[in-house]
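Engineer:
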Amino acid sequence: MEGASSLITYLPEEEKDAQETNRRVEEIGESCHCFATDLRDKKNCQAVVDTALKTLGGIDILASNAGTQTMIDDIKNLDDYAFPILHVGSSVLTDFHRSQWESTFDTNIHSIFYLSKYTVPHLKSGSTIINCASVNHYIGRPDLLDYTATKGAIFAFTRGLSNQQVKNDIRVNCVCPGPVWTPLIPQL
1 MEGASSLITY LPEEEKDAQE TNRRVEEIGE SCHCFATDLR DKKNCQAVVD TALKTLGGID
61 ILASNAGTQT MIDDIKNLDD YAFPILHVGS SVLTDFHRSQ WESTFDTNIH SIFYLSKYTV
121 PHLKSGSTII NCASVNHYIG RPDLLDYTAT KGAIFAFTRG LSNQQVKNDI RVNCVCPGPV
181 WTPLIPQL
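Quick note: the sequence shown uses UniProt numbering, first residue 1, plus one each step.
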């Protein structure tokens, strides 16, 4: 964020972490605006873009890094109702519903699609979109099927959007990191 004003999004329950990030950014003399929202809803993605345009005066870089995952033991247990999982966070659950699978797609890939869709019309030549996928889409984690599938979708979407936006001199890239400590890691 060096040399840039930024707007970060986070879930309302992540308020403490967002304020700590804001404090650290402002500590080095930069500007950071915090926006609590749920990116699973496309209306919220539009609101993020509108707020960034109003607050920052424009968008030069869109970095999408929202993510969630749920561990499952076997695909044969996946149905329209429920299937057993290993654990989520520190809680052991006995049922994992299809809605959780869909929620992972809403968080991990649909949010990237809608943020990109609403941001691209406002980007100028030389702007950048950076999407965060994962090394897991290459290796195929057997216990993170939802996460692995969405990260593969992010990689493919990014490649397609890059090929589409090259004519507008907008760079679209994807990073595929290995394990990085986040609040998701303790459940592994």
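Think of the CB as a built atom: it goes at the ideal place given N, C-alpha and C, for glycine as much as any other residue.
Quantities reported herein were computed from a predicted structural model and do not represent experimental measurements.
Anyone know if the C-beta pair for leucine 115 and isoleucine 59 falls short of 8 Å?
Structural biologist: The count along the sequence shown starts at 1 and reaches residue 115 at position 115. The count along the sequence shown starts at 1 and reaches residue 59 at position 59. In this structure, isoleucine 59 does not lie closer than 8 Å to leucine 115 by Cβ.
Engineer: Output yes or no for whether 8 Å exceeds the beta carbon distance between serine 64 and serine 5.
Structural biologist: Against the sequence shown, residue 64 aligns to sequence position 64. Against the sequence shown, residue 5 aligns to sequence position 5. It is not a contact, given that the beta carbons lie outside the stated cut-off.
Engineer: Just the Cα atoms here: how many angstroms apart are proline 121 and glutamate 27?
Structural biologist: By 1-based counting over the sequence shown, the position of residue 121 is 121. By 1-based counting over the sequence shown, the position of residue 27 is 27. Distance between the alpha carbons of proline 121 and glutamate 27 is about 33 Å.
Engineer: Taking the straight line between their C-alpha atoms, what separation do you get for leucine 161 and valine 172?
Structural biologist: Taking the sequence shown and counting its residues from 1, the one referred to as residue 161 is at position 161. Taking the sequence shown and counting its residues from 1, the one referred to as residue 172 is at position 172. So the two alpha carbons sit approximately 7 Å from each other.
Engineer: Starting from the N-terminal side, write out each stretch of the beta strand (DSSP E) that is 3 residues or longer and does not extend beyond the stretch 106-156.
Structural biologist: Complete beta strand (DSSP E) runs here, min 3: 128-132.
Engineer: Expressed to the nearest angstrom, what Euclidean distance is found between the alpha-carbon atoms of cysteine 45 and threonine 37?
Structural biologist: Against the sequence shown, residue 45 aligns to sequence position 45. Against the sequence shown, residue 37 aligns to sequence position 37. Cα-Cα distance, rounded: 9 Å.
Engineer: In the stretch 25-62, which residue ranges form an unbroken beta strand (DSSP E) of at least 3 residues, counting only runs that do not cross its ends?
Structural biologist: With a minimum length of 3 residues, the continuous beta strand (DSSP E) runs that stay inside the stretch 25-62 are 32-36.
Engineer: Residues bridged to arginine 98 by DSSP?
Structural biologist: As a first step, residue 98 must be located in the sequence shown, where it is residue number 98. BP columns for arginine 98 are empty, so no partner.
Engineer: Leaving aside the five residues before and after asparagine 108 along the sequence, list all residues of the same chain whose C-beta is less than 6 Å from its C-beta, in chain order.
Structural biologist: What you label residue 108 is simply residue 108 of the sequence shown in a count that begins at 1. Excluding positions up to five away in sequence, the list reads Gly67 and Thr150.
Engineer: I'd like the list of long-range same chain contacts for asparagine 168, defined as Cβ closer than 6 Å, with 5 residues on each side in sequence excluded.
Structural biologist: Along the sequence shown, one-based indexing puts residue 168 at 168. Excluding positions up to five away in sequence, the list is empty.
Engineer: Mapping DSSP to helix, strand and coil, what is threonine 104?
Structural biologist: Counting from 1 along the sequence shown, the entry for residue 104 is found at position 104. The answer is helix: DSSP assigns threonine 104 an H, G or I state.
Engineer: Distance check for leucine 145 and alanine 153, CA to CA, integer angstroms please.
Structural biologist: Locating residue 153 in the sequence shown gives position 153, counting from the first residue. Locating residue 145 in the sequence shown gives position 145, counting from the first residue. Between alanine 153 and leucine 145, the C-alpha separation is close to 12 Å.
Engineer: For threonine 158, is the classification buried or exposed, using 16 other Cβ atoms within 10 angstroms of its Cβ as the cut-off for buried?
Structural biologist: Along the sequence shown, one-based indexing puts residue 158 at 158. Buried, since its Cβ has 16 or more Cβ neighbours within 10 Å.
Engineer: Within the same chain, show all residues whose beta-carbon is closer than 6 Å to that of isoleucine 130, passing over the 5 residues directly before and after it, in chain order.
Structural biologist: Translated into positions along the sequence shown, residue 130 becomes position 130. Once the five neighbours on either side are set aside, the close Cβ partners of isoleucine 130 are Ala63 and Asn173.
Engineer: Report the option in Ala133, Ser134, Glu13 and His33 whose CA atom is closest to the CA atom of leucine 7.
Structural biologist: Residue numbering aside, residue 7 sits at position 7 when the sequence shown is read from its first letter. The option with the nearest alpha carbon to leucine 7 is His33.
Engineer: Inspect the beta-carbon positions of arginine 40 and serine 103 and report whether they are closer than 8 Å.
Structural biologist: Here the question's residue 40 lines up with position 40 in the sequence shown. Here the question's residue 103 lines up with position 103 in the sequence shown. Yes, Cβ-Cβ distance for arginine 40 and serine 103 is below 8 Å.
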